[in-house]
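One structure is given below, encoded as structure tokens.
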Amino acid sequence: MSDDLETRLTRALRPVAPSEEFSARLLARVGAEARLATPVLPLRRRRPAAAWWWSAGLAASLLLAVGIRHRAAESQERRAGLEARQQVFAALALTNQKVDLAVRTVRAESSDAP
Amino acid sequence: MSHTRRRLGLAVLFFACSVPGPVGAAADPRLALPEFKDLAGKAKESVVITMDPSLLGMASRFMDSSDPEDAAAIAVIKGLQGIYVRSFTFDRDGAYQPADVEAIRRQLADPGWKRVVETRSKKTHADVDIYLMTDGDKVRGLALIASEPRALTIVNIVGAIDLDKLRKLEGQFGVPKFDVDSSTP
Numbered sequence: 012m013s014d015d016l017e018t019r020l021t022r023a024l025r026p027v028a029p030s031e032e033f034s035a036r037l038l039a040r041v042g043a044e045a046r047l048a049t050p051v052l053p054l055r056r057r058r059p060a061a062a063w064w065w066s067a068g069l070a071a072s073l074l075l076a077v078g079i080r081h082r083a084a085e086s087q088e089r090r091a092g093l094e095a096r097q098q099v100f101a102a103l104a105l106t107n108q109k110v111d112l113a114v115r116t117v118r119a120e121s122s123d124a125p
Numbered sequence: 034m035s036h037t038r039r040r041l042g043l044a045v046l047f048f049a050c051s052v053p054g055p056v057g058a059a060a061d062p063r064l065a066l067p068e069f070k071d072l073a074g075k076a077k078e079s080v081v082i083t084m085d086p087s088l089l090g091m092a093s094r095f096m097d098s099s100d101p102e103d104a105a106a107i108a109v110i111k112g113l114q115g116i117y118v119r120s121f122t123f124d125r126d127g128a129y130q131p132a133d134v135e136a137i138r139r140q141l142a143d144p145g146w147k148r149v150v151e152t153r154s155k156k157t158h159a160d161v162d163i164y165l166m167t168d169g170d171k172v173r174g175l176a177l178i179a180s181e182p183r184a185l186t187i188v189n190i191v192g193a194i195d196l197d198k199l200r201k202l203e204g205q206f207g208v209p210k211f212d213v214d215s216s217t218p
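Following this line, the structure appears as structure tokens:
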């Protein structure tokens, strides 16, 4: 009984050469799946994409630098303007104080006059 | 009599509308102010302000006309070509000599300038001289020399300064409030 089973199994599992049709279909399918999974671009198509990214990065950096510089110049102009405004106030205040001194002197002298 | 002249001078200064006087065609309302390096070295406090037309323009751009204080200042500096201030405060009497301002007084001897106020205080020893340069009834410039025992101030304003508007700055940004009797006794 056991010998009979072993013989039948050995016969069923013996190596069998695939048919030519099966091999052809398998190779065709493997080739098709490989093409879908990893599309291979030609080398001359990759270079423009990299160059575009480099150019975009450079342009963005330049724009950022110009923006920062413009902002710094604006800030400096604002500081100078506010300082000039403060100086005008100081000059006018000082002028009025000295005119006031003249007025007070006239008043003091006139009140002392007999 | 002297008192009357001073009052008259103040009235002329503040209302500056009827100041007659010859004006030299070449007279320049801008004084050549020295740097006063020696005085600055001895002074406890120094204020040196040099505002040319471009700086005045910049200052007015940074003033807010809706703010009363700024609006008053804009009204005063409108039409000015320059504001020049040299002010020194010392911690002792006699730190400067009258000769230090002699070069300025010589410039003010030009016929274009007219001294409209001259005050001499025996109490405080504070002397103030105010000069105007006019062209007809228009003021072209103002010069002020205030000599106090411990302070010396020189102001030169170039341009059509409106003294009424300057007066309206009283009480603003630290300017003391004062009123002037415009009537002449």
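Line by line, the protein sequences give chains A and B. Numbered as in this note's numbering, the first sequence ends at 125 without a single skipped number. Numbered as in this note's numbering, the second sequence ends at 218 without a single skipped number. Cβ coordinates follow ideal geometry from the N, Cα and C atoms, glycine included.
Alpha carbon of residue i to alpha carbon of residue j, nearest angstrom
i	j	result
residue 173 of chain B	residue 61 of chain B	9 Å
residue 202 of chain B	residue 163 of chain B	18 Å
residue 66 of chain A	residue 86 of chain B	46 Å
residue 90 of chain A	residue 133 of chain B	34 Å
residue 171 of chain B	residue 123 of chain A	35 Å
residue 144 of chain B	residue 178 of chain B	18 Å
residue 37 of chain A	residue 47 of chain A	16 Å
residue 83 of chain B	residue 196 of chain B	20 Å
residue 111 of chain A	residue 142 of chain B	24 Å
residue 96 of chain B	residue 62 of chain A	50 Å
residue 97 of chain A	residue 60 of chain A	55 Å
residue 75 of chain B	residue 168 of chain B	39 Å
residue 89 of chain B	residue 192 of chain B	12 Å
residue 26 of chain A	residue 64 of chain A	56 Å
residue 86 of chain A	residue 78 of chain A	12 Å
residue 136 of chain B	residue 182 of chain B	20 Å
residue 19 of chain A	residue 29 of chain A	21 Å
residue 198 of chain B	residue 84 of chain A	34 Å
residue 101 of chain B	residue 88 of chain A	24 Å
residue 107 of chain B	residue 68 of chain A	47 Å
residue 92 of chain A	residue 72 of chain A	30 Å
residue 112 of chain B	residue 94 of chain B	14 Å
residue 56 of chain B	residue 138 of chain B	Bear in mind that the predicted position of residue 56 of chain B carries a pLDDT of just 44, short of 50, making it too unreliable to give a figure here.
residue 81 of chain A	residue 68 of chain B	35 Å
residue 73 of chain B	residue 148 of chain B	27 Å
residue 24 of chain A	residue 44 of chain A	30 Å
residue 33 of chain A	residue 17 of chain A	29 Å
Pair within 8 Å by beta-carbon distance, residue i and residue j
i	j	result
residue 119 of chain A	residue 116 of chain B	no
residue 99 of chain A	residue 194 of chain B	no
residue 190 of chain B	residue 175 of chain B	yes
residue 91 of chain B	residue 95 of chain A	yes
residue 104 of chain B	residue 98 of chain B	yes
residue 64 of chain B	residue 140 of chain B	yes
residue 109 of chain A	residue 161 of chain B	yes
residue 157 of chain B	residue 117 of chain A	no
residue 123 of chain B	residue 155 of chain B	no
residue 118 of chain B	residue 105 of chain A	yes
One or two residues paired with residue i in a DSSP bridge
i	result
residue 129 of chain B	Looking at the DSSP assignment, residue 129 of chain B forms no beta bridge with any residue, so it has no partner.
residue 181 of chain B	B:184
residue 122 of chain A	Per DSSP, none; premise fails for residue 122 of chain A.
residue 115 of chain B	B:191
residue 146 of chain B	B:166
residue 82 of chain B	B:118
Selection from the options that minimises the alpha carbon distance to residue i
i	options	result
residue 184 of chain B	B:168, B:192 and B:129	B:129
residue 31 of chain A	A:24, A:116 and A:39	A:39
residue 66 of chain B	B:77, B:120 and B:149	B:120
residue 114 of chain A	B:107, B:150, B:88 and B:77	B:150
Chain B contacts made by the segment 95 to 109 of chain A, where a contact means CB separation under 7 Å: Residues 95, 96, 98, 99, 100, 101, 102, 103, 104, 105, 106, 107, 108 and 109.
May I ask you to list, following chain order, the residues of the segment 91 to 112 of chain B that have a beta carbon less than 7 Å from some beta carbon of chain A? 91, 92, 94, 95, 96, 106, 109 and 110
Give me the subset of the segment 66 to 87 of chain A whose CB atoms are less than 8 Å from a CB atom of chain B, sorted by chain position. none
Compile a chain-ordered list of the residues in the segment 74 to 85 of chain B whose CB is closer than 7 Å to at least one CB of chain A. 80, 82 and 84
Please list the residues of the segment 169 to 181 of chain B that have a C-beta atom closer than 7 Å to any C-beta atom in chain A, keeping them in chain order. Of all residues in the segment 169 to 181 of chain B, 177 and 179 have a Cβ within less than 7 Å of some Cβ in chain A.
Residues of the segment 113 to 124 of chain A with a CB closer than 7 Å to any CB of chain B: list them in chain order, please. The segment 113 to 124 of chain A vs chain B, Cβ under 7 Å: 113, 114, 116, 117, 119, 120, 121 and 124.
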